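The structure under discussion appears below in the form of structure tokens.
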Amino acid sequence: MRQPTIYVLGLALLLTESVALAQTDSARNAPNPTAIGMIRATLEFLATDEKSFGRVPNPICQPCSTYEELTAFAKKNRLRGGDELVNDARREARNALQTNPATLPATLQAFLLDRVAGGTKSNRKQLPTFATFQQKLSAAAGGQPAETEPIVAADDSALTDTASAATDETLTTEAELETDPTTAKPLSIMQYLPLIFSLISLVGVVLLWIRSQNRSEPVKQSYDGQIAALQDRIKRLEDANRQLRNQTEPRPGNPTPRPQPSAQSQQTPVQPRMPMAESEPTSPAADVVPPIVSATPPPASSPIAGPMPNSFRSTPSLLYGRTADLGDGFSSSGLSATPDRDTVFEIHRQTDTQAVFQVSDQPDLQRLALSDPYSYLNDTCSYQMQPRPGSRIRTEKPGKLSLQGDKWAIVEKAQISFLS
């Protein structure tokens with residue numbers, strides 16, 4: 001019953017971790033009001049750069065409360081690189097939230113200022129709307145809000161009033177959303193979800209453990225009853241075995257009872273033996289002729305001749321070897337009288353202790369030798385050049401062998417060459 005408990009506990013922990021990870025990912029990917037406000041101020045500042053993007057019909061981004069709306073604003077007003085700016089700023093904000101959320105405003109503000117007015121784009125600092133852009137950026141970053149001025153060109157007074165009113169309304173709406181308790185309520189529920197799932201899982205594990213304990217009691221009682229019955233049966237068998245042994249084994253001091261004859265043997269009468277007839281007198285001993293013993297001893301029987309040694313059997317003159325398995329020679333036990341698929345060398349016996357050897361002319365055996373020349377040719381042959389794939393081996397001069405005990409030692413290596 002332990003396995004279901006372990007499975008339920010593991011499932012509960014996995015579910016809790018999944019919920020926590022999902023909550024963390026959703027919190028990281030959720031729109032951050034500070035980041036959105038700073039990116040929005042940057043896009044509205046870029047919309048006033050008529051030299052780079054021309055005259056923008058609507059430089060106010062409204063409502064622009066999500067990253068998607070900011071990207072749509074940049075594409076609608078044809079702000080080249082605006083969508084990339086939104087994505088890069090979003091990534092910068094997410095990294096700052098993961099490392100240290102307190103550094104988000106300063107990090108993102110420095111990133112945006114360097115992106116739109118740094119390096120070769122420093123001429124934008126001369127725009128009349130740059131000071132207002134800095135104030136908007138600081139206000140969105142959480143600093144002291146300055147008097148809002150329209151981030152538009154100087155000759156558009158009517159459009160400036162509309163932009164300022166829309167911007168103030170948007171900032172007010174964002175502040176209300178941040179302080180509204182009804183808006184923060186789902187976030188608090190999400191924070192307590194892992195704890196709720198953990199409590200439910202813990203209650204389930206406890207109930208499962210109690211249920212397994214209740215089920216194990218009858219099983220335990222059944223096992224105890226079976227064990228008691230088996231012990232009782234073993235005891236009875238031991239008693240029966242002891243009684244049987246006492247009946248069959250003789251006790252000391254009591255003679256072994258003599259077997260009684262059967263009734264049939266008692267009723268059968270004993271037949272009297274007939275007296276043997278007296279033997280007739282034999283003839284006188286003078287009539288018996290003694291056998292004549294010959295003085296010549298009989299010829300001894302020749303012993304049975306044993307199996308004659310096969311004097312005609314001899315070691316074959318042609319042997320086949322695989323490799324110089326002893327390093328400096330071939331072992332006699334490793335040679336064979338018939339060729340095989342890996343017998344690379346042919347050994348010709350000249351005398352009982354002298355022989356010559358060469359590489360076989362069979363193509364298959366030569367390919368085998370060329371596949372591993374270090375094992376087959378290095379210790380047995382001498383050659384001037386390295387073999388190439390597809391070459392043929394020609395024995396220029398056979399090598400010489402000498403029988404030393406159980407080894408055909410290499411006296412002189414075979415000289416070979418390779419033909420393409």
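In case it helps, UniProt numbering puts the sequence shown at residues 1 to 420. C-beta: ideal position from N, C-alpha, C; glycine also. Note that the structure is predicted; figures quoted are calculated from it, not measured.
The three-state secondary structure of tyrosine 376, taken from DSSP, is helix.
The shortest CA-to-CA distance from serine 331 to any of Ala409, Ser391, Ser375, Thr343 is the one to Ala409.
Shown here, glycine 405 sits in coil according to DSSP, grouped into three states, outside any helix or strand.
With respect to the C-alpha of serine 138, the residue from Gln384, Lys121, Gln109 having the closest C-alpha is Gln109. Contact between serine 333 and aspartate 406 holds: CB atoms are separated by about 7 Å, below the 8 Å threshold. Here isoleucine 347 is not near cysteine 381, since their CB atoms are 8 Å or more apart. For phenylalanine 53, no pairing in a beta bridge is given by DSSP.
Look at the beta carbons and you see the region 353-369 touching the region 394-401: at least three pairs across the two are nearer than 8 Å. Distances from the alpha-carbon of glutamate 44 to those of Ile60, Arg341, Glu238, Thr343 put Ile60 closest. For the pair threonine 338 and leucine 419, the Cα-to-Cα distance works out to about 27 Å. In this structure, Gln98 is the residue among Gln98, Asn58, Leu79 with its C-alpha nearest to the C-alpha of asparagine 32. A straight line joining the alpha-carbon of serine 52 with that of arginine 124 spans about 10 Å. In the structure shown, the three-state DSSP call for lysine 413 is coil. About 16 Å separates the CB atoms of aspartate 364 and arginine 394; that is not less than 8 Å, and the two are not in contact. Where glutamine 109 is concerned, the enclosing alpha helix (DSSP H) starts and stops at 104-117. Taking the Cα of arginine 367 as reference, the smallest distance to any Cα among Tyr383, Pro387, Gln350, Arg349 is reached at Pro387. Residue environment: aspartate 361 is assigned as exposed (fewer than 16 neighbouring CB atoms within 10 Å of its CB, all protein chains considered). Non-local C-beta neighbours of arginine 349 in its own chain, meaning closer than 8 Å and more than five positions away in sequence, comprise Thr315, Pro316, Ser317, Leu318, Leu319, Ala355, ordered along the chain.
Taking one beta carbon from each stretch, the region 33-43 and the region 83-93 have 3 or more pairs nearer than 8 Å; the two touch.
In this structure, the alpha-carbon of valine 411 lies about 13 Å from that of alanine 324. Bounds of any beta strand (DSSP E) do not take in glutamate 44; it lies within the alpha helix (DSSP H) bounded by 33-46. The straight-line gap separating the alpha-carbon atoms of tyrosine 192 and serine 201 is approximately 14 Å. Threonine 132 counts as buried, since at least 16 other C-beta atoms from the protein chains shown sit within 10 angstroms of its C-beta.
Its chain contains Asp379 as the residues whose beta carbon lies nearer than 7 Å to that of glycine 327, once the 5 sequence neighbours on both sides are disregarded; these appear in chain order.
Listed in chain order, the non-local C-beta contacts of valine 56 below 7 Å within the same chain comprise Ala47, Asn77, local neighbours out to five positions each way being set aside. DSSP assignment within the region 319-373 yields the following whole beta strand (DSSP E) runs of 3 residues or more, N-terminal first: 329-331, 345-349, 354-359. By the neighbour-count definition (other C-beta atoms within 10 Å, threshold 16), glutamine 404 is an exposed residue. For leucine 419, the secondary structure class from DSSP, reduced to helix, strand or coil, is strand. The bridge partners DSSP lists for arginine 394 are Ser417. In this model, glutamate 84 and proline 101 are separated by some 23 Å (Cα to Cα). Phenylalanine 111 has its alpha-carbon roughly 21 Å from the corresponding atom of alanine 72.
In the three-state reduction of the DSSP assignment, glycine 82 falls in the helix class, which pools H, G and I.
In this structure, arginine 322 sits away from threonine 351, with a CB-CB distance that is not shorter than 8 Å. Separation of glycine 82 and threonine 103 (C-alpha to C-alpha, rounded to the nearest whole angstrom) is 24 Å.
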